[in-house]
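Top line first, the protein sequences correspond to chains L and Y.
Residues 0 to 546 in numbering that gives the first Met the number 0 are what the first sequence lists, from first letter to last.
Residues 0 to 140 in numbering that gives the first Met the number 0 are what the second sequence lists, from first letter to last.
Beta carbons: idealized from backbone N, C-alpha and C, even for Gly.
See structure below.
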Amino acid sequence: MAALSELINGFGTALTPQNLLYAFLGVLLGTAIGVLPGIGPAMTLALLLPLTYGLNPTSAFIMFAGIYYGGMYGGSTTSILLNTPGESASVVTAIEGNKMAKSGRAAQALATAAIGSFVAGTIGTLLVVVLAPTVVDLALKLGAPDFFAIMVLAFVAVTSVLGASRIRGFASLLIGLAIGLVGIDQVTGQQRLTYGVPQLADGIDVVVVAVGLFAVGEALWIAAHLRRGTAQVIPTGRARMGREDWARSWKPWLRGTALGFPFGAVPAGGAEVPTFLSYVTEKRLSKHKDEFGHGAIEGVAGPEATNNASAAGGLVPLLTLGLPTTATAAVLLAAFQQYGIQPGPLLLENEPELVWGLLASLFIGNVILLVLNLPLAPMWAKLLRIPRPYLYAGILFFASVGAYAVNASTVDLMVLLVLGSLGFLMRRYGLPVVPAVIGVILGPRAEVQMRRALQISDGELSGLITPFSAVIYALIALVLLWPLVNRFVIRRFRRPRHPVPVGHSHALVELADELAAPPGEERREEGDEKADEEPEHATADAPRRQT
Amino acid sequence: MTIVVGYIPTPEGRAALAAAVEEALRRDESLLVLNASRGDAYVDPGFAPAEELESVRGQLSAARVGFDVRQLVRGKEPAEEVVQAAAEVGAELIVIGLRRRSAVGKLIMGSTAQRILLDAPCAVLAVKADAHHPAGERTRT
Chain L
0 MAALSELING FGTALTPQNL LYAFLGVLLG TAIGVLPGIG PAMTLALLLP LTYGLNPTSA
60 FIMFAGIYYG GMYGGSTTSI LLNTPGESAS VVTAIEGNKM AKSGRAAQAL ATAAIGSFVA
120 GTIGTLLVVV LAPTVVDLAL KLGAPDFFAI MVLAFVAVTS VLGASRIRGF ASLLIGLAIG
180 LVGIDQVTGQ QRLTYGVPQL ADGIDVVVVA VGLFAVGEAL WIAAHLRRGT AQVIPTGRAR
240 MGREDWARSW KPWLRGTALG FPFGAVPAGG AEVPTFLSYV TEKRLSKHKD EFGHGAIEGV
300 AGPEATNNAS AAGGLVPLLT LGLPTTATAA VLLAAFQQYG IQPGPLLLEN EPELVWGLLA
360 SLFIGNVILL VLNLPLAPMW AKLLRIPRPY LYAGILFFAS VGAYAVNAST VDLMVLLVLG
420 SLGFLMRRYG LPVVPAVIGV ILGPRAEVQM RRALQISDGE LSGLITPFSA VIYALIALVL
480 LWPLVNRFVI RRFRRPRHPV PVGHSHALVE LADELAAPPG EERREEGDEK ADEEPEHATA
540 DAPRRQT
Chain Y
0 MTIVVGYIPT PEGRAALAAA VEEALRRDES LLVLNASRGD AYVDPGFAPA EELESVRGQL
60 SAARVGFDVR QLVRGKEPAE EVVQAAAEVG AELIVIGLRR RSAVGKLIMG STAQRILLDA
120 PCAVLAVKAD AHHPAGERTR T
């Protein structure tokens, strides 16, 4: 139980007035950006990174963690009150949540989302505390070839799960890896892809890449595609729940936590898949099946718990292996590097104050989230009245200031604009941005591990194969070959399927088909327009908001 | 010659509509009900949902005035839209609702009513939300 005493020390760090303030600030900011569609925690972290250079790392990370959790929660408010998910992880919440709000149960939907997030976040963080030291023990036994294999798995898995098309995903990953190559090769000292520009020799700063692709790209996209039109927020009071709501919510919360945490911990594209799975599970297990599609509280409680649990789960590989499973975690990894902290198995040993302070602050952040959100949800909805041009002007301003602050160099501003245009083009042609960002951040680290392994084996490719890495490569092969397997082996045994709506991710569509097929028939007849209209509206913009 | 009324789904907007109906009956003119939003925020409390406009149409038919209801979302300020519509139809009168605003609030957010008052090509009737005569009641008489 060394972990528990360490955690108590962590509370000592997190409960100082200064750190409490940063936790509060982070949660506040995180919820706000979670509420606003199109602005995710990853973008916000990237924007804030340069502004936090002056802070000590512990305070900065406490704030970042607040943003991460707050962002996961904030998305549900918009999903429920507006039917526009603020966050890709809240897409599923909109299906039942908005129906509940329309039938006058907005307060209950908001309450079950807030309390479910709290329960899942707390259990999830507890699991991180328990698991992290164990995983570190395992990770210490891994060598360079194993780490390389795990990183390749992360690339492949994230790319295959996110977005509408694998080919586009891999194209995006390649863009990211190429950007990550720019600069002086760490082993031989050669310049790569710098084209004689001396300022590029240090490489392109990760902050500039993340801000350019996320913030500038999104701002340009919004500027080009500002859809005129406004929606109605469903008015509501203070979030609250009745006895029956509690009785119907607690099981979905726990099941959601159980689903979300492992999915967050493996590189499977964050919260989208598990939230969807949770929704389908709740629909199956519910005693009120007829209410699904008309506002069933289980359909809000489950997915909302899931997305917070997966946010917690994502911290396990990040803190123990230095492996990000989501875009937000990738930017957090970049933040570690900014502060000169090496994330990986030694992090827990080298920076105990930071890690345990961070984990303790997550518990505190969860409490703040709950206290803040039960009474304030209607106020958050008011943020949506801000005209988007104002919002994105502010984002562009922060993006430029941040990019300039990194090295105080105008070349970085140019690079920012180029990458911003690239981000715009990627959105235009449907390339998901997340694989690119993960490629930029993780690419150089994967390269170091690969080169190290090859140096040890004196250039023999066999040096990359160890028993552990062989298993990982087999997994990668399975992920890559899955569409073929699915097509030629599995599909043959199934009846022909109805056409797949564009814009959904592969995995989701497959799951949807698989799980909705048996009871789907009668629903399609009576509630076809109703049942299909809302989720489609909700997910229409989702794929490019994987932040 | 018509009467243009700037309508928003608030007590002030409903008071303006009620006053406009009275004016229309008195002057024997038709009404142009205008609901406008810039449409660049996710949510605009001034934007009237479809049901709201439907109930406005119902009220106006019941009051037996000639009317037209328009909803404009094309990125222009509501004030601009109202003034432009008034100029277009050669309106005799614009009716708007007024609410209490603080000096600082007006400084930061601007005031739609003020811009209409200053820019209008015709007379403007400004109405306050009236506690004694709820808007819905008056139009039915």
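- Contact annotation, LEU92 (chain Y) with CYS121 (chain Y): C-beta distance approximately 6 Å; criterion of less than 8 Å satisfied.
- Think of a sphere of 7 Å around the beta carbon of THR83 (chain L): the chain Y residues whose beta carbon falls inside it are TYR41, in chain order.
- Counting along the chain, the unbroken alpha helix (DSSP H) around SER159 (chain L) starts and ends at 143 to 160.
- Residue-level contact check: ALA380 (chain L) touches chain Y, since one or more beta carbons of chain Y fall below 9 Å from its beta carbon.
- If only complete runs of 3 or more residues are kept, the region 388 to 429 of chain L shows no beta strand (DSSP E) anywhere.
- Residues ILE79, LEU80, MET99, ILE233 and THR235 of the same chain have their beta carbon placed closer than 7 Å to that of ALA105 (chain L), with the five preceding and five following residues left out of the count.
- Look at ARG37 (chain Y): its C-beta is under 9 Å from a C-beta on chain L.
- Sixteen is the threshold: when 16 or more other Cβ atoms of the shown chains lie within 10 Å of the Cβ of PHE291 (chain L), as they do, the residue is buried.
- Boundaries of the beta strand (DSSP E) around SER36 (chain Y): 29 to 36.
- Looking at the DSSP output, ARG191 (chain L) shares a beta bridge with L:GLY182.
- Here TYR278 (chain L) is buried, its C-beta having at least 16 other C-beta atoms within 10 Å.
- For LEU331 (chain L), the secondary structure class from DSSP, reduced to helix, strand or coil, is helix.
- The straight-line gap separating the alpha-carbon atoms of ALA380 (chain L) and ALA40 (chain Y) is approximately 12 Å.
- In the three-state DSSP reduction, LEU139 (chain L) falls in the helix class (H, G or I).
- Per DSSP, PHE213 (chain L) lies in no alpha helix (DSSP H) segment and is marked neither H nor E.
- Residue-level contact check: PRO48 (chain Y) touches chain L, since one or more beta carbons of chain L fall below 9 Å from its beta carbon.
- Spanning the alpha carbons of PHE260 (chain L) and ALA270 (chain L) requires a straight line of approximately 9 Å.
- In this structure, L:PRO344 is the residue among L:LEU357, L:LEU483, L:PRO344 and L:PRO431 with its C-alpha nearest to the C-alpha of ALA143 (chain L).
- Leaving aside the five residues that flank LEU14 (chain L) on each side, the residues in its chain whose CB is nearer than 8 Å to its CB run, in chain order, ALA359 and ILE363.
- Shown here, GLY5 (chain Y) sits in a strand according to DSSP, grouped into three states.
- In its chain, beyond the 5 residues on either side, VAL155 and SER159 have a beta carbon closer than 8 Å to the beta carbon of LEU479 (chain L).
- Under a criterion of Cβ atoms nearer than 8 Å, the residues of chain Y adjacent to ALA230 (chain L) are, in order, TYR41 and VAL42.
- Contact of PRO386 (chain L) with chain Y by beta-carbon distance below 7 Å involves ARG37, ASP39 and ALA40.
- In this structure, the straight-line span from the alpha carbon of GLY104 (chain Y) to that of VAL128 (chain L) is close to 48 Å.
- With respect to VAL207 (chain L), ALA41 (chain L) sits apart: the two C-beta atoms are not nearer than 9 Å.
- Looking at the DSSP output, GLN70 (chain Y) shares a beta bridge with Y:ASN34.
- A straight line joining the alpha-carbon of ALA264 (chain L) with that of THR187 (chain L) spans about 35 Å.
- Contact check between the region 57 to 71 of chain Y and the region 8 to 27 of chain Y: three or more CB pairs, one atom from each, fall below 8 Å, which counts as touching.
- Taken in chain order, the members of the region 29 to 45 of chain L whose beta-carbon sits within less than 7 Å of a beta-carbon on chain Y are PRO36.
- Boundaries cannot be given for LYS75 (chain Y), as no beta strand (DSSP E) includes it and DSSP labels it neither H nor E.
- In the DSSP assignment, ALA122 (chain Y) falls within the beta strand (DSSP E) that extends over 122 to 127.
- In this structure, DSSP gives ILE32 (chain L) a helical state, which the three-state scheme calls helix.
- Between VAL3 (chain Y) and ARG37 (chain Y), the CB-CB gap reaches or exceeds 9 Å.
- LEU54 (chain L) carries a coil assignment under DSSP once its states are collapsed to helix, strand and coil.
- The straight-line gap separating the alpha-carbon atoms of ASN82 (chain L) and ALA93 (chain L) is approximately 5 Å.
- ALA128 (chain Y) is positioned such that its CB atom lies closer than 9 Å to that of THR9 (chain Y).
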